[in-house]
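Asks: Could you have a look at this structure, given as structure tokens, before my questions?
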Amino acid sequence: MDWLRQLPYGQYVAGGGWLRQLDPRLKFLWSLAFLLTPVLAGPGWRLALVVLLLALTFCSGIALRVWQRSLPVLLALGLAVGLLAAFLPSGQERPQPLQAPPVEQKLPAPPAWVLFQAGPLRITKRSAELGLNTASLLFTVMHSANLLLVSTPPEELAWGISALLRPLERLGVPVQKLGFQLLLALRFVPLVQEELQNLIRGLATRALNLRELGWKQLLGLVLALGERLLANVLLRAEQGAEALLARTDLWRSPAALRVPRKPLIWLDRKGLLALLLLVALRMRFGSL
Numbered sequence: 395m396d397w398l399r400q401l402p403y404g405q406y407v408a409g410g411g412w413l414r415q416l417d418p419r420l421k422f423l424w425s426l427a428f429l430l431t432p433v434l435a436g437p438g439w440r441l442a443l444v445v446l447l448l449a450l451t452f453c454s455g456i457a458l459r460v461w462q463r464s465l466p467v468l469l470a471l472g473l474a475v476g477l478l479a480a481f482l483p484s485g486q487e488r489p490q491p492l493q494a495p496p497v498e499q500k501l502p503a504p505p506a507w508v509l510f511q512a513g514p515l516r517i518t519k520r521s522a523e524l525g526l527n528t529a530s531l532l533f534t535v536m537h538s539a540n541l542l543l544v545s546t547p548p549e550e551l552a553w554g555i556s557a558l559l560r561p562l563e564r565l566g567v568p569v570q571k572l573g574f575q576l577l578l579a580l581r582f583v584p585l586v587q588e589e590l591q592n593l594i595r596g597l598a599t600r601a602l603n604l605r606e607l608g609w610k611q612l613l614g615l616v617l618a619l620g621e622r623l624l625a626n627v628l629l630r631a632e633q634g635a636e637a638l639l640a641r642t643d644l645w646r647s648p649a650a651l652r653v654p655r656k657p658l659i660w661l662d663r664k665g666l667l668a669l670l671l672l673v674a675l676r677m678r679f680g681s682l
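Residues in the sequence shown are numbered from 395 upward in steps of one, following the numbering used here.
Below you can see the structure in the form of structure tokens.
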């Protein structure tokens with residue numbers, strides 16, 4: 395029943411490895427690169443990002459028990475969403491002709507537009523590209539964010555983002571307070587998972603046979619669980635807000651809460667050079 399606690403998605407896990415020693419600002423920039431470089435990119439570049447993320451996961455030094463449960467789930471989710479997008483109708487089923495018919499121009503016949511068809515199920519070139527883009531983007535965004543959160547303590551991440559946004563203080567943006575709120579939000583994630591775990595445990599103790607429930611009863615059960623989860627989460631948030639108000643606007647900047655560590659300059663330089671190389675490759679081969 396503790397499978398949610400054994401699935402450390404979005405939570406920091408202490409340990410060794412070079413990825414944990416990397417500067418949090420640089421890791422955040424890498425996450426932005428995985429988020430932004432797939433925009434308007436071709437399927438080749440999207441697949442290359444997936445392969446790069448898998449290689450970074452295997453070579454990051456993070457223990458196998460940390461990602462051996464979350465990675466297959468993300469791969470299965472991306473594959474399921476990609477297949478669903480590939481089999482769904484994709485709008486215009488055939489490309490619009492740009493020239494006169496081949497009878498007049500003697501042009502070669504176009505390649506096959508339908509790649510797979512089994513009864514009502516059909517995959518065209520456009521739907522296949524849509525499914526590939528959807529699956530790769532979903533996996534890239536979710537897994538890159540998971541690597542960032544798993545390998546970075548909340549205090550380090552809040553400090554890194556606040557340091558990158560520090561120039562906005564000249565415009566009157568309360569960067570330090572926003573960083574403190576981000577730290578509270580990161581600390582709030584385990585509470586949400588704990589509430590979900592408690593609801594699932596309570597449902598299991600009642601020994602309900604879900605197969606005997608109809609669609610309406612099953613939908614009502616899911617909605618009731620969602621309503622209860624939302625109520626419990628809001629109650630936890632209200633308790634945290636009351637605790638902060640009782641301390642009379644007591645807050646600290648992320649830099650004050652961060653544990654100082656000795657930076658590895660050579661590792662940060664290599665990470666920055668690799669990031670610049672990734673951006674250069676995106677500008678050169680991103681349309682493939």
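Where is the CB? At the ideal position from N, CA and C, for every residue including glycine. Keep in mind it's a predicted model, so treat the numbers as computed, not measured.
Can you tell me the Cβ-Cβ gap for residue 573 and residue 422, rounded? I've got them flagged as a contact below 8 Å.
Replies: Rounded, the Cβ-Cβ distance is 12 Å, inconsistent with contact.
Asks: Using a Cβ-Cβ cutoff of less than 7 Å, which residues in the same chain neighbour residue 419 once the five nearest sequence positions on both sides are dropped?
Replies: Answer for residue 419: 554, 557 and 558, listed in chain order.
Asks: Please state whether DSSP places residue 460 in a helix, a strand or coil.
Replies: Correct three-state label for residue 460: helix.
Asks: Should residue 514 be labelled buried (16 or more other beta-carbon atoms within 10 Å of its own) or exposed?
Replies: Counting Cβ neighbours within 10 Å, residue 514 comes out exposed, since fewer than 16 surround it.
Asks: With H, G and I counted as helix, E and B as strand and the rest as coil, what does DSSP make of residue 508?
Replies: Three-state DSSP puts residue 508 in a strand.
Asks: Name the residue from 511, 527 and 462 whose alpha carbon lies nearest to the alpha carbon of residue 476.
Replies: Minimum Cα distance to residue 476 is reached at 527.
Asks: Give the straight-line distance between the Cα atoms of residue 467 and residue 461, rounded to the nearest whole angstrom.
Replies: One C-alpha to the other measures close to 10 Å.
Asks: Is it buried or exposed for residue 599, if we count other Cβ within 10 angstroms and need 16 for buried?
Replies: Looking at its Cβ environment, which holds fewer than 16 other Cβ atoms inside 10 Å, residue 599 is exposed.
Asks: Compute the distance between the beta-carbons of residue 413 and residue 454, then report whether it is under 8 Å.
Replies: Yes. Within cutoff.
Asks: Residues in its own chain within less than 7 Å of residue 395 by CB, not counting five upstream and five downstream?
Replies: Bear in mind that the predicted position of residue 395 carries a pLDDT of just 47, short of 50, making it unreliable; the figure below should be weighed with that in mind. Excluding positions up to five away in sequence, the list reads 595 and 598.
Asks: Drop a sphere of 10 angstroms on the beta-carbon of residue 540, count the other beta-carbons inside from all chains shown, and report buried for 16 or more, exposed for fewer.
Replies: So residue 540 ends up on the buried side.
Asks: Thinking residue 614 and residue 533 are a contact (beta carbons under 8 Å), I'd like their distance in whole angstroms, please.
Replies: Going by Cβ atoms, the distance from residue 614 to residue 533 rounds to 33 Å, so no, they are not a contact pair.
Asks: If you check the beta carbons only, do residue 550 and residue 652 fall under 8 Å apart?
Replies: Contact flag set, yes.
Asks: How do the region 431-440 and the region 610-630 stand: do at least 3 beta-carbon pairs fall below 8 Å, yes or no?
Replies: Judged by Cβ distances under 8 Å, the region 431-440 makes no contact with the region 610-630, as fewer than three pairs qualify.
Asks: Please classify residue 567 as buried or exposed, where buried requires at least 16 other C-beta atoms within 10 Å of its C-beta.
Replies: Label assigned to residue 567: exposed.
Asks: Starting from residue 543, follow the beta strand (DSSP E) in both directions and report where the run begins and ends.
Replies: That residue, residue 543, is in no beta strand (DSSP E); its alpha helix (DSSP H) goes 519-545.
Asks: Just how far apart, CA to CA, sit residue 680 and residue 546?
Replies: If you take the alpha carbons of residue 680 and residue 546, they lie about 29 Å apart.
Asks: Going along the chain, which residues of its own chain have a beta-carbon closer than 8 Å to the beta-carbon of residue 531, five neighbours each way excluded?
Replies: Cβ within range, chain order: 432 and 440.
Asks: Out of 403, 654, 605 and 481, point me to the one whose CA is closest to residue 517's CA.
Replies: For residue 517, the nearest C-alpha among the options comes from 481.
Asks: Note down the Cα distance separating residue 503 from residue 664, rounded to an integer number of angstroms.
Replies: Bear in mind that the predicted position of residue 503 carries a pLDDT of just 44, short of 50, making it unreliable; the figure below should be weighed with that in mind. Taking the straight line joining both Cα atoms gives about 50 Å.
Asks: Tell me which residue opens and which closes the alpha helix (DSSP H) that residue 587 is part of.
Replies: Counting along the chain, the alpha helix (DSSP H) containing residue 587 begins and ends at 569-599.
Asks: To the nearest angstrom, how far is the alpha carbon of residue 451 from that of residue 415?
Replies: Distance between the alpha carbons of residue 451 and residue 415: 15 Å.
Asks: For residue 459, is the classification buried or exposed, using 16 other Cβ atoms within 10 angstroms of its Cβ as the cut-off for buried?
Replies: Burial call: exposed.
Asks: With 16 other CB atoms within 10 Å as the buried threshold, where does residue 569 fall?
Replies: Buried, since its Cβ has 16 or more Cβ neighbours within 10 Å.
Asks: Quick one: Cα of residue 425 to Cα of residue 529, how far?
Replies: Approximately 18 Å, taken between the alpha carbons.
Asks: Taking the continuous alpha helix (DSSP H) assigned at residue 438, which residues delimit it?
Replies: Run containing residue 438: 437-453, per the alpha helix (DSSP H) assignment.
Asks: Rounded to a whole number of angstroms, what is the C-alpha to C-alpha distance between residue 627 and residue 674?
Replies: Spanning the two alpha carbons is a distance of roughly 43 Å.
Asks: Flag this pair as yes or no: are the beta carbons of residue 406 and residue 543 separated by less than 8 Å?
Replies: Going by C-beta atoms, residue 406 is nearer than 8 Å to residue 543.
Asks: Could you check if residue 548 is buried or exposed, using at least 16 other CB atoms within 10 Å of its CB as the buried criterion?
Replies: Residue 548 comes out buried.
Asks: Can you find a C-beta in chain C that's less than 8 Å from the C-beta of residue 477?
Replies: Of the protein chains in the structure, only one exists, and it is not chain C.
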